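Visitor: Starting off with a structure, shown below.
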Amino acid sequence: MTYEKTWTFGSIVGQITNVPLKVEQDTLLNIKTILLATGKWVIYGCCGRNNGGTLTAPSSLPDTTDRWQVYSDIACSGNKNLQVPQSWCILYNDTLKLYYIISIAGDVYLSSILCFTQNTPTLASTSTWFPVVSNNIMWIGNPLLSRIENGKYTTHYTCTSEGHFIIWNTCDSTYIPYSQLNLIMLLPITTSKTSDITPWVCVFHNTTSEVLYVLESTAGPVKCFAPILSPNQPVDSFFLHYRGNINPIDDFITDSADGYINMLPILVYTTTPGFKSFKGIVQDVYWAPSGLVSGDTTPSTGQIEYMKIGQLMIPANTALVK
Amino acid sequence: MAYEKTWSFGSINCGVPSEAYKIQQILLLNIKNILLSSGKWTIYGCCGLNNGGTLTAPSALPDTTDRWKVYTDITAPTSNSLNTPLGWCILYNSTLNLYFALGMTYLYNGGYTALFFTQTAPTLSATTTWYPTLVSNKIGWSGFNLQSYYNNAVRYITHYAYTSDGHFIVWNTGDLLANSQLNFIGLLPIAPSRSVDATPWVFIWTSSTTINTDVFSSGSSMCFVPLLSPNTPTNSIFLYPGIWNSSLNILDLLYDDIDGNINMFPILICGTTTNAKTLKGRLQDIYWAPYHLPNGSAMPSTGQIEYMKIGPLMIPANSNIIR
Chain A
427 MTYEKTWTFG SIVGQITNVP LKVEQDTLLN IKTILLATGK WVIYGCCGRN
477 NGGTLTAPSS LPDTTDRWQV YSDIACSGNK NLQVPQSWCI LYNDTLKLYY
527 IISIAGDVYL SSILCFTQNT PTLASTSTWF PVVSNNIMWI GNPLLSRIEN
577 GKYTTHYTCT SEGHFIIWNT CDSTYIPYSQ LNLIMLLPIT TSKTSDITPW
627 VCVFHNTTSE VLYVLESTAG PVKCFAPILS PNQPVDSFFL HYRGNINPID
677 DFITDSADGY INMLPILVYT TTPGFKSFKG IVQDVYWAPS GLVSGDTTPS
727 TGQIEYMKIG QLMIPANTAL VK
Chain B
67 MAYEKTWSFG SINCGVPSEA YKIQQILLLN IKNILLSSGK WTIYGCCGLN
117 NGGTLTAPSA LPDTTDRWKV YTDITAPTSN SLNTPLGWCI LYNSTLNLYF
167 ALGMTYLYNG GYTALFFTQT APTLSATTTW YPTLVSNKIG WSGFNLQSYY
217 NNAVRYITHY AYTSDGHFIV WNTGDLLANS QLNFIGLLPI APSRSVDATP
267 WVFIWTSSTT INTDVFSSGS SMCFVPLLSP NTPTNSIFLY PGIWNSSLNI
317 LDLLYDDIDG NINMFPILIC GTTTNAKTLK GRLQDIYWAP YHLPNGSAMP
367 STGQIEYMKI GPLMIPANSN IIR
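Have a look at this one:
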């Protein structure tokens with residue numbers, strides 16, 4: 427079994443904290459750093475304090491200046507309004523023709539803003555406001571990290587050579603180290619028809635409740651989308667699993683003869699009226715048996731390895747990602 | 067979209083058989099001829115009338131003599147039994163390391179057949195004209211009609227598609243209720259889910275005129291996937307896509323609203339035999355079809371690459387050849 431894509435792996439170890447704002451800031455800073463490290467994402471515009479200064483936005487776009495040098499450069503607006511001064515960063519991937527805008531909002535409960543679009547963002551009338559976007563997939567929601575414990579947080583990542591990514595946090599707190607499964611993913615899809623060129627699906631997952639349906643419903647805390655690149659319209663979608671007169675996800679943990687872990691393909695099906703169609707199969711990410719616990723891995727075959735995170739088996743190299 | 071395997075297509079006109087059991091004989095003859103024409107199957111042994119003679123079996127195996135020249139060479143007993151003189155033929159595929167033994171076991175009640183696969187070389191029975199002895203690890207089917215529906219004065223056609231490795235799909239249609247006689251016989255390739263399952267395949271057949279997804283999960287069809295280590299065929303089922311906590315039946319979905327694309331979902335094979343319950347892989351080039359699409363519906367052709375609905379399946383086809 428080999429990966430369909432070329433994946434790289436790593437982790438960024440944070441500081442010990444129990445301050446929710448700092449965890450959010452650290453995670454956003456890590457996302458930017460991870461994506462830039464792929465070589466596929468570049469800064470299209472960045473508004474921040476630029477190593478402790480005043481909040482400064484680009485005067486025009488594109489502007490490659492990185493004003494997120496340290497976590498505290500990412501200023502929190504104090505509410506969820508997009509039209510207030512706040513830190514934001516636009517990343518651009520020329521292979522996927524995709525902009526990714528990340529920001530932080532917050533009130534008493536911190537929120538993160540994650541936005542994908544294939545249309546070029548523009549500066550708002552006040553440049554420090556959140557940029558103007560269209561045809562976008564946006565999540566303004568709960569903290570990236572759903573549970574805060576007094577511990578050392580680590581951001582883990584795995585990225586393809588094209589810039590798809592999976593990012594999640596863990597904590598070395600003794601309290602359920604794999605419960606903070608805030609998956610942020612941009613996943614490649616094997617297309618089911620030629621008109622859907624290089625489709626992808628993005629997933630935001632910030633619940634500690636790891637039940638299957640959260641990845642199969644647009645009504646829950648998870649958002650899945652598959653854009654149809656012609657006519658370039660992102661559409662709602664969900665993940666399908668397989669069943670018969672058995673439910674292999676629930677019923678089978680390992681093959682009883684050889685201990686093999688069953689990993690079932692994930693289908694992406696869109697639900698938006700006018701676009702109800704099978705989009706394809708997520709590449710290199712699989713449904714995991716429900717009986718396994720998060721952090722379990724398949725037997726390593728060198729660099730080719732999988733780890734259970736939530737309901738998913740994702741590419742991993744446990745020598746690097748723990 | 068391209069096929070994963072290289073497929074060839076064709077049809078054989080069966081004429082207008084005057085008796086139901088003659089369709090079974092003709093179909094057995096057609097299967098033999100189709101597999102030989104693939105170039106991947108050879109005769110390992112054949113017992114028949116050899117163009118109207120007396121029933122003759124090989125004196126030893128292997129024996130490449132083809133004694134099934136015309137359908138009447140395939141004689142059958144008047145009592146349904148394997149241990150009685152009858153027409154049988156063993157085909158062998160060295161690529162799949164597989165023997166396929168066909169026989170006609172009953173002349174009446176529409177005609178019964180026996181179809182068995184094994185990876186262990188069959189041997190002659192004590193009486194050589196009896197159905198061969200399949201020593202171990204055999205999988206197959208005995209005792210039912212290949213053709214479930216017969217109507218007098220109707221012309222039947224045997225259709226086929228086979229891969230360059232010798233996998234095959236064979237089914238009949240009739241001029242009456244053109245696509246209702248879907249006696250599906252398939253030896254299908256699987257993209258394995260793990261390296262130890264080298265070149266797995268699944269054998270399925272249906273003899274019902276009512277075909278739905280259930281027959282591929284349980285009921286009148288049987289599915290097997292051999293684990294080549296330890297080389298034991300295991301029971302298995304076809305899995306279909308669904309969603310959690312929803313009444314949505316994916317098979318209800320017909321066309322994409324915008325572009326008319328027919329949704330075709332991959333078919334997974336999962337083992338059900340104790341100690342072999344695991345994902346075996348995915349069928350290659352064969353997909354679940356939308357439930358409401360009529361049999362015989364085809365995907366828009368892109369040259370040789372085309373699909374046709376047969377029962378709940380979309381199979382490789384070239385509708386210029388197979389109708």
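For the protein sequence lines, the chains are A and B, in the order given. Those letters in the first sequence? Residues 427 to 748, per the working numbering, in order. Those letters in the second sequence? Residues 67 to 389, per the working numbering, in order. The beta-carbon is built from N, C-alpha and C at its ideal position, and this holds for glycine as well. Nothing here was measured: the structure is a model prediction, and the numbers come from that model.
(1) Alpha carbon to alpha carbon, what distance is there between tryptophan 555/A and asparagine 505/A?
(2) When Cβ atoms are compared, which residues of the segment 702 to 731 of chain A fall closer than 8 Å to chain B?
(3) Flag cysteine 155/B as yes if its beta-carbon sits less than 8 Å from any beta-carbon of chain A, otherwise no.
(4) Start and end of the beta strand (DSSP E) containing valine 236/B?
(5) Near glutamate 430/A, what residues of its chain come up, given a Cβ to Cβ distance below 8 Å and the 5 sequence neighbours on each side ignored?
(6) Does the beta-carbon of asparagine 456/A, which I'm using as the reference point, lie nearer than 7 Å to any heavy atom of the ligand ADP?
(7) Taking Cβ positions, are tryptophan 207/B and tyrosine 158/B nearer each other than 8 Å?
(8) Under 8 Å between the Cβ atoms of serine 560/A and asparagine 545/A?
(9) On the DSSP bridge list, what partners appear for methionine 374/B?
(10) Does any CB atom of chain A fall closer than 8 Å to the CB of threonine 344/B?
(11) At 8 Å on the CB atoms, spell out the chain A contacts of tyrosine 306/B, in chain order.
(12) Does the distance from the C-beta atom of threonine 171/B to that of leucine 152/B stay below 8 Å?
(13) Under a Cβ-count criterion, where at least 16 other Cβ atoms within 10 Å of its own Cβ denotes burial, should asparagine 238/B be classed as buried or exposed?
(14) Compare the C-beta of serine 690/A against all C-beta atoms of chain B and say whether one is closer than 8 Å.
(15) Using the beta-carbon count (16 or more within 10 Å), is phenylalanine 75/B buried or exposed?
(16) Give a yes or no on whether the C-beta atoms belonging to valine 82/B and arginine 221/B are separated by under 8 Å.
(17) Return the CA-CA distance between cysteine 831/A and leucine 455/A, expressed in angstroms with no decimal places.
(18) Classify aspartate 452/A as helix, strand or coil using the three-state DSSP reduction.
(19) Shorter than 8 Å from the beta carbon of isoleucine 303/B to some beta carbon of chain A?
(20) Counting C-beta neighbours from all protein chains within 10 Å, is the total for serine 202/B 16 or more, i.e. buried, or is it exposed?
(21) Let me check one thing: in DSSP terms, what residues is isoleucine 333/B bridge-paired to?
(22) Sorted by chain position, which residues of the same chain lie with C-beta nearer than 8 Å to threonine 144/B's C-beta, five sequence neighbours on each side aside?
(23) I'd like the list of long-range same chain contacts for isoleucine 235/B, defined as Cβ closer than 6 Å, with 5 residues on each side in sequence excluded.
(24) With 8 Å as the threshold, decide whether the Cβ of proline 741/A is near any Cβ in chain B.
(25) Please classify proline 332/B: is it buried, with 16 or more other beta-carbons within 10 angstroms of its beta-carbon, or exposed?
(26) Start and end of the beta strand (DSSP E) containing asparagine 96/B?
(27) Could you tell me the alpha carbon to alpha carbon distance between glycine 232/B and lysine 88/B, rounded to whole angstroms?
(28) Closest by CA to isoleucine 328/B, which one among Phe701/A, Leu690/A, Ile687/A?
(29) For leucine 612/A and tryptophan 626/A, I'd like the C-alpha separation in whole angstroms.
(30) Return the Cβ separation of glycine 209/B and glutamine 90/B in integer angstroms, given the expectation that the two are a contact with Cβ distance under 8 Å.
(31) Candidates Tyr579/A, Ile460/A, Ala501/A, Leu693/A: which alpha carbon is nearest asparagine 444/A's?
(32) For lysine 466/A, which three-state DSSP category applies?
(33) Who pairs with cysteine 585/A in a beta bridge, going by DSSP?
(34) In whole angstroms, what separates the C-alpha of glycine 308/B from that of phenylalanine 664/A?
(35) Against proline 660/A, what residues of chain B qualify as contacts under a CB-to-CB distance less than 8 Å, listed in chain order?
(36) Of all the options Ile516/A, Leu666/A, Lys705/A, Thr624/A, which has the alpha carbon lying nearest to the alpha carbon of valine 558/A?
Guide: The relevant details are as follows:
(1) 12 Å
(2) Lys702, Ser703, Phe704, Ile707
(3) no
(4) 234 to 240
(5) Pro614, Thr616, Gln709, Asp710
(6) As presented, the structure is devoid of all ligands, the ligand ADP included, so that no description of it is given.
(7) no
(8) yes
(9) Ala364/B, Ile381/B
(10) yes
(11) Tyr668, Arg669, Gly670
(12) yes
(13) buried
(14) Here residue 690/A is leucine; the residue named in the question, serine, does not match the sequence. Cβ-Cβ to chain B under 8 Å: yes for leucine 690/A.
(15) buried
(16) yes
(17) Chain A is shown from 427 up to 748; residue 831/A falls before or after that span and cannot be answered.
(18) helix
(19) yes
(20) exposed
(21) DSSP output for isoleucine 333/B lists no bridge partner at all.
(22) Tyr172, Leu173, Tyr174
(23) Ala227, Gly252, Ile381
(24) no
(25) buried
(26) Asparagine 96/B -> not in any beta strand (DSSP E); alpha helix (DSSP H) instead, spanning 86 to 103.
(27) 26 Å
(28) Phe701/A
(29) 7 Å
(30) Rounded, the Cβ-Cβ distance is 12 Å, inconsistent with contact.
(31) Tyr579/A
(32) coil
(33) Thr434/A, Phe591/A
(34) 11 Å
(35) Near proline 660/A there are no residues of chain B at all, since even the closest Cβ is about 14 Å away, more than 8 Å.
(36) Ile516/A
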